[in-house]
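According to the working numbering, the sequence shown is numbered sequentially starting from 41. We treat Cβ as the ideally placed atom computed from N, Cα and C, and that holds for glycine.
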Amino acid sequence: LHDALPIYHTEKLQDARVREAVSLALDTANFAAIVWGNACRPATSVLSSTMTYYESQGDHVYDPDAARKLMEEAGYSANNRLELEIWGDPGESSQRQLTTLQAYLAEIYIDANPNFVDVPEVIEHIITGTTDFLLPNASGIGTNHPYEVVMSTDPASNANPTQVIEDEEYVALAAAAATELDDEKEAEDYAKIQEWLVGNHYLIPIAETANVILYRPYVTSFITKADQENMCSLDGALTGTTAGDTEATI
41 LHDALPIYHT
51 EKLQDARVRE
61 AVSLALDTAN
71 FAAIVWGNAC
81 RPATSVLSST
91 MTYYESQGDH
101 VYDPDAARKL
111 MEEAGYSANN
121 RLELEIWGDP
131 GESSQRQLTT
141 LQAYLAEIYI
151 DANPNFVDVP
161 EVIEHIITGT
171 TDFLLPNASG
181 IGTNHPYEVV
191 MSTDPASNAN
201 PTQVIEDEEY
211 VALAAAAATE
221 LDDEKEAEDY
231 AKIQEWLVGN
241 HYLIPIAETA
251 NVILYRPYVT
261 SFITKADQEN
271 MCSLDGALTG
281 TTAGDTEATI
């Protein structure tokens, strides 16, 4: 399970400097630790590291001073702040995500207004394109291929206006990857897509968390020793991951 913060197709975030500023303003390791605790590790791409054609895009850069400079170049300041509306459900995880994001963005002249509503209303705002951000969304569930992840941004296959990316270069990359039959060339296409999405700050890799689907009602929880011992801490440190035994509470 992989979570990334999507900055998609909204008018307020079309300026590449603003998207880059948002990326630089986020301490993603600390963000992930606040939201998911020890059950995560930093993500290094828009795809899960377990997925086919995953390519690391390197460690995330956290530089709020550079972020403020970019916002100033884009015309924003302490007296001219950018206002964003973000919608999420009232669940504990969503509240942690929204309030943490709000605190980071406040430091770079962005007022991110969190709105906590029932899930149907959240979906309505997503479909109508009236939310400026989507909360970290997941990939790598039920598939090991990036096709479904990439196609979620395709205007031809997704009616969700907040998710589609209409940039001609990106659309061409996605189309090439979707129709390529040669494995080596397909890998190259998806490597370019990951580099493009991260480099243009449409998706900010946040964290990877383990995901297990259980079909037996007597299993009440699941965690691996590796998850427990080697994942993120609140200061963002990562000690590395190793194979571990699996424990389940029955």
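- For PRO104, the secondary structure class from DSSP, reduced to helix, strand or coil, is helix.
- With contacts defined by Cβ atoms closer than 7 angstroms, ASP229 and GLU220 form a contacting pair.
- By the neighbour-count criterion, in which a residue is buried when 16 or more other Cβ atoms sit within 10 angstroms of its Cβ, GLN54 is exposed.
- Taking the Cα of LEU122 as reference, the smallest distance to any Cα among PRO186, ALA214 and VAL62 is reached at VAL62.
- When DSSP states are grouped into helix, strand and coil, ALA65 belongs to the helix group.
- Here LEU141 is not bridged, per DSSP, to any residue.
- Each residue's CA atom was taken as its position, placing GLY128 and THR171 some 9 angstroms apart.
- Segment contact: the region 56 to 75 against the region 92 to 108, three or more CB-CB distances shorter than 8 angstroms; contact assigned.
- When TYR94, ILE74 and GLU113 are compared, the shortest CA-CA separation from ALA56 is found for GLU113.
- The criterion of a C-beta distance shorter than 7 angstroms is satisfied by ALA83 and GLU248.
- LEU124 has its alpha-carbon roughly 6 angstroms from the corresponding atom of ASN153.
- In this chain, the alpha helix (DSSP H) harbouring PRO160 covers 159 to 168.
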